[in-house]
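Trainee:
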Amino acid sequence: MAVVSLRNVGKVYPPQTKDGASVTAIDDVSLDVEAGDIYGIIGYSGAGKSTLVRLVNALEHSTSGEIWVNGQNIAALRERELRQVRLGIGMIFQQFNLLGSRTVARNVAYPLEVAGHPKVERAARVAELLDFVGLADKAGSFPDQLSGGQKQRVGIARALATQPSILLADEATSALDPETTHEVLALLKRVNAEFGVTIIVITHEMDVIQTIATKVAVMDQGRVIERGPVFDVFSNPQAAASARFVSTVVKGVPSPDELAVLRARHAGRIVTLAFRDNAVDQTAVFGELSRAGVAFEVVYGGINEIQGRPFGHLTLALTGADPVIDTVLAHIRTLTTVTEVR
Amino acid sequence: MDALIDLLPELWTATYETLYIVALTLFFGGIGGVLLGLGLYLTRAGSILENKPFFFVLNLLVNFVRPIPFIIFLAAAQPLARAVTGSGIGNNAIIFTIALAASFAMARIVEQNLLTVTPGVIDAARSVGAGPIRIIFTVLLPEALGPLILGYTFIFVALVDMSAVAGYVGGGGLGSFALLYGYRQYNPVVTWAAVLLIIVLVQLVQFLGNYLARKALRR
């Protein structure tokens, strides 16, 4: 069952000035996030992804559509009722947003205070959470004494304090270096695996999606332009924007510029072969080439893996007689997609 | 000099009166300032209790009252002081008037310091279900405490200044002492003795304020 379900959601900001135009931040978005998903939402700055996630816990209010969270249409609730809903949704932020006037322990205790848990219970839960994120020794420190990665781990502990079923991560790793990013992502994976928390991850980095997400939606100009299991979107992106995001982490098909360089360097014919999952047998493909006596060199591309499933593109420069190459390519076409680029 | 020694009991009484007036006005003006400052901050566009008409009126009121020179404000507010405290002159009327003027001066300082609190921490508090009242007391005021203390220290000096001016309309204190026994009797030593005491007082409070603000900011 979907824990978060958006139905034709829109968010339009009224004009800032009298003659100004209203701004459509979210344009007719429908999205289902299933229990246990790590759902990635990727897009460039201004694509509307942060606004979208802020609608899920009603930090901002939609102007149209329905937003179902745990079976409740929160678009119809009043502010007082929304506070109750928010207790079931944790959130972490790009700038961590810890309270500088409180120690690490009291930051983590904050949601428990709001929820009205008694003091003794709070202390036990805080100790448990700090232990989980590996910061038990920092309980008495203040946020400005911590590194970025440590701050985000405190943020995660705070977001989990009231045992929410949903965690929203708004560019949670964008202010961190690559190594710290992977530590934080590994922690989020544990949150998902050990507590069964459904996570919605907002990011502009495809690397984040590749590392933890199970499903992904690509946003552009307030709309979801592509969605699906991460493997499908990575191995076979449909929209141009999706392909651009995929190309930031996956070396696939050479661009026209790169192709020109390849053509200048290699005299023979150049073909790109697609490999996807175990549907394509690499051994069989290369066996065909060897048996026909066609020499080949891998000049571009690579094989990647998402959730244990391989995919990728290899571009080969072939050397041999044209009729022989034509015959062998005909054979290979029965095994996989072949694009002849020269 | 002899005149000053003769006047020492009056000088101590005046010092005590200044402290009394300033302490009470800091207390009442401080509360008024926080209320007005919070009102401005919370109702401005994009804030948690956004309310355009309320903000507009309050903002206009603060802008209207704040630039009035205190000596004129003192006279203009006299009927109001009489209505509230029962008398247009004397220490109670003075305390009321200074506290009123200080509220408006403090309002801007409070508003500005609250604006330095990152909106993100308010989002974080809202995201765990905190309501506006809780956000005020557990996020806004604690997060802005350091600068707020410095703001109050700053206003303290203005209060000493205002209390001295209030000597003109029958308020007691060092200002009235300097006027009465120094200026009008052509005795600069007495005037300067009062000035010196005021300087010492301001220095002490500034040190205290800096110390407390450092504590709050943990620097």
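Residue numbers (our numbering), protein chains in the order written: chain Z, 1 to 342; chain F, 1001 to 1219.
Built from N, CA and C at the ideal position, the CB exists for glycine as well.
Mind pulling the chain Z residues with CB within less than 9 Å of P1053 of chain F?
Mentor: By Cβ distance, chain Z contributes nothing, its closest Cβ being about 17 Å from P1053 of chain F, past 9 Å.
Trainee: Under 9 Å between beta-carbons, which chain F residues line up against N57 of chain Z? List them in chain order, please.
Mentor: Neighbours of N57 of chain Z on chain F, chain order: R1126, S1127.
Trainee: Considering Cα atoms alone, identify which of Z:A267, Z:R309, Z:L112 is closest to D232 of chain Z.
Mentor: The shortest Cα separation from D232 of chain Z among Z:A267, Z:R309, Z:L112 belongs to Z:R309.
Trainee: Spell out the partners DSSP gives N304 of chain Z in its beta bridges.
Mentor: Its beta-bridge partners are Z:F311.
Trainee: Residues of chain B with a CB under 7 Å from the CB of F142 of chain Z: which are they?
Mentor: The chain labelled as chain B is not found among the protein chains of the depicted structure, namely Z and F.
Trainee: Just the C-alpha distance for A1076 of chain F and V1057 of chain F, rounded to the nearest angstrom, thanks.
Mentor: So the alpha carbons of these two residues sit roughly 21 Å apart.
Trainee: Label F1027 of chain F either buried or exposed according to how many other C-beta atoms from any shown protein chain fall within 10 Å of its C-beta, with 16 as the threshold for buried.
Mentor: Exposed.
Trainee: Between the Cα of I422 of chain Z and the Cα atoms of Z:I42, Z:V4, Z:V184, which residue gives the shortest distance?
Mentor: Within the shown structure, residues of chain Z are numbered from 1 to 342, placing residue 422 of chain Z beyond reach of any answer.
Trainee: Closest Cβ-Cβ distance between V1139 of chain F and chain Z: below 8 Å?
Mentor: Yes, its Cβ sits closer than 8 Å to a Cβ of chain Z.
Trainee: Within the continuous beta strand (DSSP E) that includes Y1020 of chain F, where are the two ends?
Mentor: Note, Y1020 of chain F: premise wrong, no beta strand (DSSP E); alpha helix (DSSP H) at 1002-1043.
Trainee: Quick check: N70 of chain Z and V3 of chain Z, are their CB atoms within less than 8 Å of each other?
Mentor: A contact, by the Cβ cut-off of 8 Å.
Trainee: Within a Cβ cutoff of 6 Å, which residues of the same chain sit near G65 of chain Z, ignoring the five residues on either side of it in sequence?
Mentor: R7, N8, V9, G10.
Trainee: Out of F:L1007, F:Q1206, F:V1128, F:M1106, point me to the one whose CA is closest to Y1041 of chain F's CA.
Mentor: Comparing Cα-Cα distances from Y1041 of chain F to each of F:L1007, F:Q1206, F:V1128, F:M1106, the minimum goes to F:M1106.
Trainee: Per DSSP, what kind of secondary structure is Y343 of chain Z in: helix, strand or coil?
Mentor: In this structure chain Z extends from 1 to 342, so residue 343 of chain Z is not present and cannot be described.
Trainee: Please compile the residues from chain F whose C-beta is within a distance smaller than 8 Å of the C-beta of M111 of chain Z.
Mentor: Reading the sequence as shown, one finds Pro at residue 111 of chain Z and not Met. Within 8 Å Cβ-Cβ: V1128, G1129.
Trainee: If you draw a straight line from the alpha carbon of S242 of chain Z to that of V29 of chain Z, how long is it in whole angstroms?
Mentor: Straight-line Cα distance between these residues: approximately 17 Å.
Trainee: Starting from F286 of chain Z, trace the alpha helix (DSSP H) in both directions and tell me its first and last residue.
Mentor: Taken as a continuous stretch (DSSP letters only), the alpha helix (DSSP H) holding F286 of chain Z covers 282-292.
Trainee: Report yes or no: do three or more beta-carbon pairs, one from the region 73-93 of chain Z and one from the region 137-144 of chain Z, lie closer than 8 Å?
Mentor: No, the region 73-93 of chain Z does not touch the region 137-144 of chain Z.
Trainee: Between D144 of chain Z and G100 of chain Z, how many whole angstroms is the CB-CB distance? I'm expecting something under 8 Å.
Mentor: At roughly 6 Å, the Cβ-Cβ gap stays under 8 Å, so D144 of chain Z and G100 of chain Z are in contact.
Trainee: According to DSSP, which residues form a beta bridge with G196 of chain Z?
Mentor: Note: G196 of chain Z sits in no beta bridge, so no partner.
Trainee: Which residue or residues does DSSP assign as beta-bridge partners of T24 of chain Z?
Mentor: According to DSSP, which records beta bridges pairwise, T24 of chain Z is partnered with Z:V12.
Trainee: Is P254 of chain Z buried or exposed, if buried means 16 or more other CB atoms sit within 10 Å of its CB?
Mentor: When all chains shown are included, P254 of chain Z counts as buried.
Trainee: My parser needs the alpha helix (DSSP H) runs of 4 or more residues fully inside the region 191-265 of chain Z; what are they?
Mentor: DSSP runs (the alpha helix (DSSP H)) wholly in the region 191-265 of chain Z: 206-212, 230-235, 240-249, 256-265.
Trainee: Tell me whether T354 of chain Z is buried or exposed, calling it buried when 16 or more other Cβ atoms sit within 10 Å of its Cβ.
Mentor: Because chain Z here runs from 1 to 342, residue 354 of chain Z falls outside it and cannot be looked at.
Trainee: For D277 of chain Z, collect the residues of the same chain with a Cβ closer than 6 Å to its Cβ; drop the 5 residues on either side in sequence, then sort them by chain order.
Mentor: Excluding sequence neighbours, D277 of chain Z sits near R309.
Trainee: Please look up how many angstroms separate the CB atoms of V218 of chain Z and E226 of chain Z, rounded, as I've assumed it's under 8 Å.
Mentor: V218 of chain Z to E226 of chain Z, Cβ: 4 Å. Contact.
Trainee: Considering only residues of the same chain and omitting the five flanking positions on each side of T1018 of chain F, which have a CB-CB separation below 6 Å?
Mentor: S1163, G1173, L1174.
Trainee: If I'm right that A1093 of chain F touches R1082 of chain F with Cβ under 8 Å, what's the distance once you round it to whole angstroms?
Mentor: Rounded, the Cβ-Cβ distance is 7 Å, consistent with contact.
Trainee: By Cβ distance, which residues of its chain are closer than 8 Å to T1010 of chain F, with the 5 residues on each side in sequence left out?
Mentor: One detail in the question is off: residue 1010 of chain F reads as Glu in this sequence, not Thr. F1177, Y1181, listed in sequence order.
Trainee: Please list, in chain order, the chain Z residues whose beta carbon lies closer than 9 Å to that of G1120 of chain F.
Mentor: Per Cβ cutoff of 9 Å: F93, Q94, Q95, F96, N97.
Trainee: Under 8 Å between beta-carbons, which chain Z residues line up against L1134 of chain F? List them in chain order, please.
Mentor: At residue 1134 of chain F the sequence reads Arg, which differs from the Leu that was named. Those are V114, listed as they occur along chain Z.
Trainee: Please classify S147 of chain Z as buried or exposed, where buried requires at least 16 neighbouring CB atoms within 10 angstroms.
Mentor: Exposed.
Trainee: Is the region 1137-1152 of chain F touching the region 174-191 of chain Z in the sense that three or more CB pairs, one from each, lie closer than 8 Å?
Mentor: Because the criterion of three Cβ pairs below 8 Å is not met, the region 174-191 of chain Z and the region 1137-1152 of chain F do not touch.
Trainee: With a Cβ-Cβ cutoff of 8 Å, do L273 of chain Z and L316 of chain Z count as a contact?
Mentor: In this structure, L316 of chain Z lies closer than 8 Å to L273 of chain Z by Cβ.
Trainee: By how many angstroms is the C-alpha of A1213 of chain F removed from the C-alpha of I1097 of chain F?
Mentor: One point to set straight first is that residue 1097 of chain F is Thr, not Ile, in the sequence displayed. In a straight line, the C-alpha of T1097 of chain F is about 28 Å away from that of A1213 of chain F.
Trainee: Identify whether I1048 of chain F lies in helix, strand or coil by the three-state DSSP scheme.
Mentor: Three-state DSSP puts I1048 of chain F in coil, outside helix and strand.
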